[in-house]
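In the numbering used here, the protein residues as written are 18 to 209. Following: one structure in structure tokens, then a few remarks.
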């Protein structure tokens, strides 16, 4: 009889312990589930998005594999092969571009700042770094100053994203090997 009473007492204590443990756990879980996630969206993410809505960061990587018949061959693009190599992997382009468009009170932009780098195994080169100021009344004049693409022909000014082929023609590469220049440019673009 005594053994049965101890066993019943143990079961009661164990049941009470389990009941209390489960109720505390359920009670604490209730508060975690009650947090409204839209509170965080409204108070933290939206002001950040609003502040940086005119900032655009883009980039791409273009890997390249080259294979030649002779060891140590000379190459037009990418430099000569090493003395004991007939194939190689390279980064043809690895670019990051940051654009910031400064809005005005009218529907036209006030200014555009652009910065672009090309980082490959051959080094890091600044491709673009310019400021373009817009006339905001009628939007027919703009002034560009800094390092930007030369305004010569259609092929040099078009990005590889918009050209028919990713590479420029051999003549454009020969005439303008860097495709960029430092200077100022005034543009007149009537809208009508």
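Note that the Cβ used here is the ideal one computed from N, Cα and C, for glycine as well. Just so we're clear, the structure is a prediction, and the values are computed from it rather than from any experiment.
Buried or exposed: where does residue i fall if 16 or more other Cβ atoms within 10 Å of its Cβ makes it buried?
i, result
"residue 198", "exposed"
"residue 147", "buried"
"residue 16", "This structure does not reach residue 16, given that the chain is present from 18 up to 209, and the question cannot be answered."
"residue 112", "buried"
"residue 77", "exposed"
"residue 144", "buried"
"residue 195", "exposed"
"residue 25", "exposed"
"residue 133", "buried"
"residue 169", "exposed"
"residue 27", "exposed"
"residue 131", "buried"
"residue 69", "exposed"
"residue 165", "buried"
"residue 205", "exposed"
"residue 98", "buried"
"residue 151", "buried"
Which stretch, first to last residue, makes up the beta strand (DSSP E) that contains residue i?
i, result
"residue 204", "197 to 205"
"residue 114", "104 to 120"
"residue 144", "140 to 151"
In three-state terms, what does DSSP make of residue i?
i, result
"residue 26", "helix"
"residue 133", "strand"
"residue 180", "coil"
"residue 76", "strand"
"residue 158", "strand"
"residue 33", "helix"
"residue 98", "coil"
"residue 164", "strand"
"residue 127", "strand"
"residue 81", "strand"
Which residue comes first and which comes last in the alpha helix (DSSP H) that contains residue i?
i, result
"residue 190", "187 to 192"
"residue 68", "63 to 68"
If residue i and residue j are in contact, beta carbons under 8 Å, what's the gap, nearest whole angstrom?
i, j, result
"residue 107", "residue 81", "5 Å"
"residue 160", "residue 117", "So it is not a contact: roughly 17 Å between Cβ atoms."
For chain B, find out if any of its Cβ atoms is closer than 8 Å to the Cβ of residue i; answer yes or no.
i, result
"residue 64", "Absent from the structure is chain B; it holds one protein chain and no more."
Got a sec: does the ligand ATP put a non-hydrogen atom nearer than 7 Å to the Cβ of residue i?
i, result
"residue 147", "In terms of ligand content, the structure shown is empty, and the ligand ATP therefore cannot be addressed."
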